[in-house]
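So the structure is just underneath, and the comments pick up after that.
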Amino acid sequence: MDAQKSLFLPVNTSLGTTAVEPDDYDTHSLVYRYVLSESEDGNGAVDVTKAVVRENVLDFFYPHMLMNGGEEMTTERLNKLKMKRDTFLLAFSAVQDLDPSDRWSFYQIAGIHGLPHQPFDGVENDSWDPRNPDWWGGYCQHGSPLFPTWHRPYMMLIEQSIIRQAKQFATTLSDADEKAAVLDIADDLRFPYLDWANQSTRVLGLPEVFTVTDVSLLYSWKSFSATSIPNPVKSFVLPVSLGKIFGSSDVYNPTAKPNYVVPSQGIPYTPQSYPTVRYVDAGYQTQNDKLNVTLMRNANTTLVEGVHAVFQHNQWLPFSNHYWSEETHGDGSQFGHYASLELVHDFVHGTLGGPGGHLTYPEIAAFDPIFFFHHSNVDRLVALWQYCYPNSWIPSKPLQLNSDGTYTDEPDSEANAKTPLTPFRFSAEDANQFVTSDDVRLVDADCGYSYPEILQARKERWTPPQMLDYVLKLYEPPENYLHRWVLMIERIVKRAFNGPFQVRVFIGKADADSQTSLSIPNFAGEIQVFARSSGVRCANCEQRQCMRASLDLTKTMVRLGLATTPLPNAGDDPFSSESAAPGNPFSIPGSLRLVFVDMQGRQLDPSTALGSWQGPKVSLYYQRGVPREQINEFMVDDDIDVSPQTLQKIELSYPQLSVAGVAQPTSS
Ligand SMILES: [Cu+2]
């Protein structure tokens, strides 16, 4: 493994084999950093207005469709944008072609997240035992306040690999101008972000660039002959077999169940030479129509409202992750009813991956190239939120989490802003120093990249309330209701069903089950649980990791003609301490129906799947919506607490609430 490896592309690729930086393989160069531009006044501060932006995928991949962004769109500028796009695609493709033993390869970098549960670049913890099922075998942080920050250097690492291959590509170009131009572009290559909640996604679904088999190059290259290449953002062909994600007895193993025809017996899911897929059919092909129908439906039912709700948290802990625990945060004072960013992110994994798609399963999600476009957007939302709430950060007091640990962190280890984010090294000099959350707190000042809105805000010196106003308008649900009702499910045992699952929510459809159409007006949305498989684990472990999830019901209530104004026992101002709780509008038996299904849409029985499973704890929150004009004063003033204790909570139970397949929900 330590023998000198070819740094660059294998001989059989079209981009050549000459080394550009031949000495850097054996140094600890797998670090997260870009070179930061310092400000001109010489005080050593970083000039945040010089940070390179990660652009919207539509602007990045379709530059010829750009109106002009306020700038004059000259032929010269358009050509440069086309060249940048093509170079990104060529370089990303080259990263995917690298030998799987190469630490810069897509295979190795994608493998950091979950399977194959092997050390990346030799970063290990001596006590990690791959046979101990209590340890998670990937490095990624989920259900943790480190969720947003761990994925930050992860994105930067793969961008560094793309930059390297872009420089390599430049050396193959015979036209001197093209070579110079590509070298000039290379350091600025960043993953564009896929904004899955914006207007375009709600109406049009996934941009075509993610679905075509071959992608056309837009620039008229003089010294590169191809006019199209196999599309590197549609799928990645696994160079080695990844092995099984699930134990042999489970119903989820896609090799066994009905959509899949995998070549021969005993071959695990994700076998060598198979491409990653989304919404796979019996022929192991991605079904883009199913993907798009689901994406557009979910963007409209859950993602827009989810992002809107996420920006109403003003504390890092509940904002950052979906973790739920009775012991530490069970009194409602910490978390409340709003969606966490991680939860909305979970929805997107299930929505883009669908049944059998790699993105749906945490163990293998990062092998679908779209993972990085999704996480670019997650990171953008983190950065926008940080702009709105600059003082909120990972609590300094160590947090004990009932976690599975990671490849290097023991189960139940404590996490804080100084926890090493392995395997991402801090510098090339010290192999044992890893990036911490504090090191990557700000995208521009600490990391050297930015997003269009943040760059604009910095240049125009927006205040945090101005940014919040901007974001809330961008993701405002189509109707800005003054009375909002949100369903909150606590204590969802993530591993109850040995893999990912969904909770469908219906209003006024007491007999809804897995066969009920999602196109009826009663369907309010579905909660995606991005859960790992259990393998062989003690019953106790399976009870431990719980998450919380929420879903805004208001739109569906209005559609069904249900009253959304609180019943008369609520005071005029539900925020005031004297006001009584509003009445529950769901007073009829069967008003709210939960249906648990697996990713293939088969009904699950929450009460029997695990003998000791306590089942979900369900409540309804009423929030008086904030009129647009008042958003700033309500949300941003540091003295105003918009956290959940100011909101009205109503516990839901049988018979108003029912769960498909269960005679009566388990009591809480
Ligand atoms: Cu993710």
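So in the UniProt record's numbering, spot 35 of the sequence shown is number 35, and the numbers just go up one at a time. Backbone N, C-alpha and C fix where the C-beta goes; we use that ideal spot for every residue, glycine too.
Chain-order list of residues whose beta-carbon lies under 7 Å from that of residue 66 (same chain, five-residue window excluded): Looking up residue 66 in the sequence shown gives position 66. Answer for residue 66: 59, 73, listed in chain order.
Separation of residue 563 from residue 624, as counted between CA atoms: Position 624 of the sequence shown, counted from the start, is the residue given in the question as residue 624. Position 563 of the sequence shown, counted from the start, is the residue given in the question as residue 563. Their Cα atoms are separated by approximately 14 Å.
Contact check, residue 310 vs residue 340, beta carbons under 8 Å: Along the sequence shown, one-based indexing puts residue 310 at 310. Along the sequence shown, one-based indexing puts residue 340 at 340. The answer is yes: Cβ separation under 8 Å.
Every unbroken alpha helix (DSSP H) inside the region 341-372 [4 residues or more]: 341-353
Alpha helix (DSSP H) segments (min. 4 residues) lying fully within the region 295-325: Whole alpha helix (DSSP H) segments, 4+ residues: 304-310, 316-320.
Range of the contiguous alpha helix (DSSP H) that encloses residue 150: Along the sequence shown, one-based indexing puts residue 150 at 150. Unbroken alpha helix (DSSP H) run through residue 150: 147-171.
Reduced DSSP secondary structure (H/G/I, E/B, other) of residue 58: Residue 58 sits at position 58 when you count from the first residue of the sequence shown. Looking at residue 58 - three-state DSSP - the assignment turns out to be helix.
Proximity of residue 530 and residue 598 at Cβ, strictly below 8 Å: Against the sequence shown, residue 530 aligns to sequence position 530. Against the sequence shown, residue 598 aligns to sequence position 598. Against a cut-off of 8 Å, the Cβ pair of residue 598 and residue 530 comes out as no contact.
Inter-residue spacing [alpha-carbon to alpha-carbon] between residue 435 and residue 495: For the purposes of this step, residue 435 is identified with residue 435 of the sequence shown, where counting begins at 1. For the purposes of this step, residue 495 is identified with residue 495 of the sequence shown, where counting begins at 1. Near 30 Å, if we compare the C-alpha coordinates of residue 495 and residue 435.
Rounded separation between residue 382 and residue 170 - CA only: Within the sequence shown, numbered from 1, the residue matching residue 382 stands at position 382. Within the sequence shown, numbered from 1, the residue matching residue 170 stands at position 170. Residue 382 and residue 170 have their alpha carbons spaced roughly 34 Å apart.
Cut-off 7 Å between Cβ atoms - residues of its own chain near residue 205, not counting five sequence neighbours on either side: By one-based count along the sequence shown, residue 205 stands at place 205. Cβ neighbours of residue 205 beyond the five flanking positions: 292, 295, 296.
Among 314, 193, 236, 196, the one whose alpha carbon lies nearest that of residue 214: Within the sequence shown, residue 214 is the residue found at index 214, counting from 1. Of the candidates 314, 193, 236, 196, the one whose C-alpha sits nearest the C-alpha of residue 214 is 236.
Residues of its chain near residue 272, where Cβ-Cβ distance is below 8 Å and the 5 sequence neighbours each way are ignored: As a first step, residue 272 is located in the sequence shown; it is residue number 272 there, counting from the start. The residues are 238, 239, 240, 241.
heavy atom of ligand 1 below 7 Å from residue 322 C-beta: Here residue 322 refers to the residue found at position 322 when the sequence shown is read from its first residue. No, the Cβ of residue 322 stays beyond 7 Å of every heavy atom of ligand 1.
Paired residues, beta bridge with residue 485 - DSSP: If you number the sequence shown from 1, residue 485 lands on position 485. Paired residues: 622.
Inter-residue Cα distance where the pair is residue 234 and residue 89: Working through the sequence shown from its first residue, we reach residue 234 at position 234. Working through the sequence shown from its first residue, we reach residue 89 at position 89. Just so you know, the alpha carbons of residue 234 and residue 89 end up roughly 11 Å apart.
Cβ-heavy atom distance, residue 365 to ligand 1, below 7 Å: The count along the sequence shown starts at 1 and reaches residue 365 at position 365. The answer is yes for residue 365.
In DSSP terms, what residue 657 is bridged to: Locating residue 657 in the sequence shown gives position 657, counting from the first residue. Residue 657 is bridged to 592.
Contact set for residue 78: own chain, Cβ-Cβ below 7 Å, skip 5 residues either direction: Numbered from 1 along the sequence shown, position 78 holds the residue referred to as residue 78. Excluding residues within five positions, the ones whose Cβ falls inside 7 Å are 63, 64.
Any non-hydrogen atom of ligand 1 closer than 7 Å to residue 345 Cβ: Position 345 of the sequence shown, counted from the first residue, corresponds to residue 345. For ligand 1, at least one heavy atom lies less than 7 Å from the Cβ of residue 345.
Contact check, residue 386 vs residue 232, beta carbons under 8 Å: Within the sequence shown, the letter at position 386 stands for residue 386. Within the sequence shown, the letter at position 232 stands for residue 232. Not a contact, by the Cβ cut-off of 8 Å.
Span of the beta strand (DSSP E), counted from its first residue to its last, around residue 465: Counting from one through the sequence shown, the residue named residue 465 turns up at place 465. Premise fails: residue 465 lies in the alpha helix (DSSP H), 464-474, not in any beta strand (DSSP E).
Candidates 549, 532, 454, of which the one nearest residue 679 by Cα: In the structure displayed, the chain extends from 1 to 668; residue 679 sits before or after that span and is not available.
Buried or exposed by the 16-neighbour rule on C-beta atoms within 10 Å, applied to residue 2: The count along the sequence shown starts at 1 and reaches residue 2 at position 2. Low local confidence applies: a pLDDT of 34 at residue 2 is under 50, so the model's placement there is unreliable, and no value is given.
Pairwise C-alpha distance: residue 521 and residue 561: Counting from one through the sequence shown, the residue named residue 561 turns up at place 561. Counting from one through the sequence shown, the residue named residue 521 turns up at place 521. Cα to Cα, the separation comes out at about 11 Å.
Closer than 8 Å to chain D by CB, residue 427: Looking at the structure shown, chain D is missing, and only one protein chain is on hand.
Residue 8 - DSSP class collapsed to helix/strand/coil: As a first step, residue 8 must be located in the sequence shown, where it is residue number 8. Legend: pLDDT at residue 8 = 31, less than 50; position of this residue unreliable, value from coordinates given subsequently. Three-state DSSP puts residue 8 in coil, outside helix and strand.
Heavy atom of ligand 1 within 7 Å of residue 349 beta-carbon: Counted from its first residue, the sequence shown places residue 349 at position 349. Yes, ligand 1 has a heavy atom inside 7 Å of this Cβ.
Limits of the unbroken alpha helix (DSSP H) element including residue 83: The count along the sequence shown starts at 1 and reaches residue 83 at position 83. For residue 83, the uninterrupted alpha helix (DSSP H) segment begins and ends at 75-97.
Residues near residue 219 by beta carbon distance below 8 Å, same chain, minus five either side: Position 219 of the sequence shown, counted from the start, is the residue given in the question as residue 219. Excluding positions up to five away in sequence, the list reads 79, 82, 83, 85, 86.
Spatial neighbours of residue 185 in its chain, beta-carbon cut-off 6 Å, leaving aside the 5 residues before and after: Indexing the sequence shown from 1 puts residue 185 at position 185. Excluding positions up to five away in sequence, the list reads 84, 87.
Selection from 600, 196, 389 that minimises the alpha carbon distance to residue 723: This structure leaves residue 723 out entirely; the chain is present only between 1 and 668.
Helix, strand or coil at residue 555 according to DSSP, with G and I counted as helix: Numbered from 1 along the sequence shown, position 555 holds the residue referred to as residue 555. The DSSP-derived three-state label of residue 555 is helix.
Cβ shell of residue 589 (< 6 Å), same chain only, five flanking positions each side left out: Residue numbering aside, residue 589 sits at position 589 when the sequence shown is read from its first letter. Excluding sequence neighbours, residue 589 sits near 655.
Distance, residue 280 Cα to residue 366 Cα: As a working note, residue 366 is residue 366 in the sequence shown. As a working note, residue 280 is residue 280 in the sequence shown. Approximately 17 Å, taken between the alpha carbons.
Residue 446 (DSSP reduced to helix, strand or coil): Residue numbering aside, residue 446 sits at position 446 when the sequence shown is read from its first letter. Three-state DSSP puts residue 446 in a helix.
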